[in-house]
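Sequential numbering from 1 applies to the sequence shown in UniProt numbering.
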Amino acid sequence: MAIPITVLDCDLLLYGRGHRTLDRFKLDDVTDEYLMSMYGFPRQFIYYLVELLGASLSRPTQRSRAISPETQILAALGFYTSGSFQTRMGDAIGISQASMSRCVANVTEALVERASQFIHFPGDEASVQALKDEFYGLAGIPGVIGVVDCMHVAIKAPNAEDLSYVNRKGLHSLNCLMVCDIRGALMTVETSWPGSLQDCVVLQQSSLSSQFEAGMHKESWLLGDSSFFLRTWLMTPLHIPETPAEYRYNMAHSATHSVIEKTFRTLCSRFRCLDGSKGALQYSPEKSSHIILACCVLHNISLEHGMDVWSSPVTGPVEQPPEEEYEHMESLDLEADRIRQELMLTHFS
1 MAIPITVLDC
11 DLLLYGRGHR
21 TLDRFKLDDV
31 TDEYLMSMYG
41 FPRQFIYYLV
51 ELLGASLSRP
61 TQRSRAISPE
71 TQILAALGFY
81 TSGSFQTRMG
91 DAIGISQASM
101 SRCVANVTEA
111 LVERASQFIH
121 FPGDEASVQA
131 LKDEFYGLAG
141 IPGVIGVVDC
151 MHVAIKAPNA
161 EDLSYVNRKG
171 LHSLNCLMVC
181 DIRGALMTVE
191 TSWPGSLQDC
201 VVLQQSSLSS
211 QFEAGMHKES
221 WLLGDSSFFL
231 RTWLMTPLHI
241 PETPAEYRYN
251 MAHSATHSVI
261 EKTFRTLCSR
271 FRCLDGSKGA
281 LQYSPEKSSH
291 IILACCVLHN
301 ISLEHGMDVW
311 SSPVTGPVEQ
321 PPEEEYEHME
331 SLDLEADRIR
341 QELMLTHFS
């Protein structure tokens with residue numbers, strides 16, 4: 001006699017039927033130290049995320065027992081901060097690894113939907129001027145409203161024939177363009193660029209470049225390292241400084257640019273799924289780019305909640321290409337060169 005085969009829900013096997021929502025884990029039942037060690041964030045921050053994302057995570061489901069928004073958020077935070085779907089992580093909140101994966105997808109989508117709410121340039125003149133004043137106070141370069149750079153995040157190979165994601169180290173990655181302010185808050189994040197593209201090409205093709213070329217941020221500029229071309233809106237260091245003013249300018253530029261280097265280290269330290277120590281993100285480029293963006297949204301939300309960007313332990317420098325690979329990046333933009341020369345003459349002579 002044939003035996004009927006039934007596809008079983010992993011969570012149903014563990015918990016049986018009953019209420020529509022499973023309350024597998026109670027925040028009030030554990031200590032703050034436990035939450036920080038397991039999920040990387042304090043209790044009140046997690047409560048805020050439940051309030052922010054709850055409606056999106058409570059969408060209608062055909063499953064007999066939906067996973068609560070709170071449990072979904074804990075599962076996603078556990079993955080973002082540990083970088084793996086560990087069995088102990090699922091066991092801690094009472095769900096299977098398959099459910100962990102679904103939770104990460106749901107929370108990631110909800111965070112990406114809110115990216116523009118938390119990642120943006122200031123919209124009013126007073127806030128823009130405050131940015132300039134803060135950067136000027138750091139190292140004496142006027143007019144700066146942000147620091148720009150790119151960071152590679154390792155991903156699994158999309159397919160054997162696609163070499164567009166292979167970077168100069170022979171690894172598959174996404175090249176992520178970001179701009180931050182002096183606190184490390186991200187004001188622009190573009191996470192979908194293939195790893196084979198050089199930083200200067202990413203910036204040239206980005207929406208960020210289009211905004212500045214269109215004059216959206218007049219009388220302001222970004223600071224970028226030697227991997228980018230000098231522009232009227234982007235100040236880069238001189239490759240071979242010769243005068244005292246040029247040396248002082250380069251030193252001030254380096255001190256200011258270090259803000260985004262620290263921000264990258266903090267991102268990779270807080271969100272271990274980005275730092276490669278647990279291996280590449282095991283998703284398609286599109287899904288991987290969404291996970292990176294979701295982590296950036298969480299980064300900015302944590303700053304809004306008083307979690308200092310420099311408070312997380314850092315694991316080491318974000319690797320950059322050797323300096324000699326930047327030699328060809330000196331600009332032929334005469335107007336940009338004139339602006340930089342004037343800047344050095346006025347403020348660093």
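Positions of the beta carbon are idealized from the N, C-alpha and C atoms, including for glycine. From a predicted model like this one, the values you see are computed outputs, not experimental measurements.
Helix, strand or coil at residue i [DSSP, three-state]
i    : result
G146 : strand
T243 : coil
I339 : helix
V104 : helix
P69  : helix
Q114 : Looking at the sequence provided, one finds Arg at residue 114 rather than Gln. In this structure, R114 counts as coil in the three-state DSSP scheme.
E286 : helix
V30  : coil
S164 : coil
N175 : strand
A280 : coil
Buried versus exposed call for residue i [16 or more other C-beta atoms within 10 Å across all chains shown]
i    : result
T31  : exposed
V104 : buried
I240 : exposed
T188 : buried
A157 : exposed
T243 : exposed
D124 : exposed
A55  : exposed
Integer Cβ distance of residue i from residue j, believed to fall under 8 angstroms
i    : j    : result
R272 : G78  : Going by Cβ atoms, the distance from R272 to G78 rounds to 11 angstroms, so no, they are not a contact pair.
R114 : L303 : Rounded, the Cβ-Cβ distance is 15 angstroms, inconsistent with contact.
L267 : H217 : About 24 angstroms separates the two Cβ atoms, so there is no contact after all.
S196 : V166 : 6 angstroms
A245 : M344 : 5 angstroms
I67  : S99  : 6 angstroms
L53  : P42  : 17 angstroms between Cβ atoms; not a contact.
L230 : D333 : 6 angstroms
Beta-carbon gap between residue i and residue j smaller than 8 angstroms
i    : j    : result
S284 : L174 : no
S226 : P237 : yes
S193 : L177 : The residue you asked about is not Ser; residue 193 is Trp in the sequence shown. The answer is yes: Cβ separation under 8 angstroms.
L223 : V128 : no
V147 : V179 : yes
I292 : V153 : yes
I119 : V259 : no
From the options, residue whose alpha carbon lies closest to that of residue i
i    : options                   : result
Y249 : C296, M38, I260 and R340  : R340
L203 : L234, H120, M187 and G215 : L234
S58  : K132, E109, M36 and I260  : E109
S37  : E335, R270 and T346       : R270
M307 : D337, I46 and M100        : I46
L138 : S210, I67, D181 and F229  : D181
H172 : E246, L281, E261 and I95  : L281
K169 : V107, A214 and Q198       : Q198
C295 : T191, T71 and T346        : T191
Q44  : S349, H305, D337 and E342 : H305
Q97  : T81, A76 and S116         : A76
Proximity test, Cβ basis, 8 angstroms: residue i and chain B
i    : result
P122 : The structure shown contains no chain B; it is built from a single protein chain.
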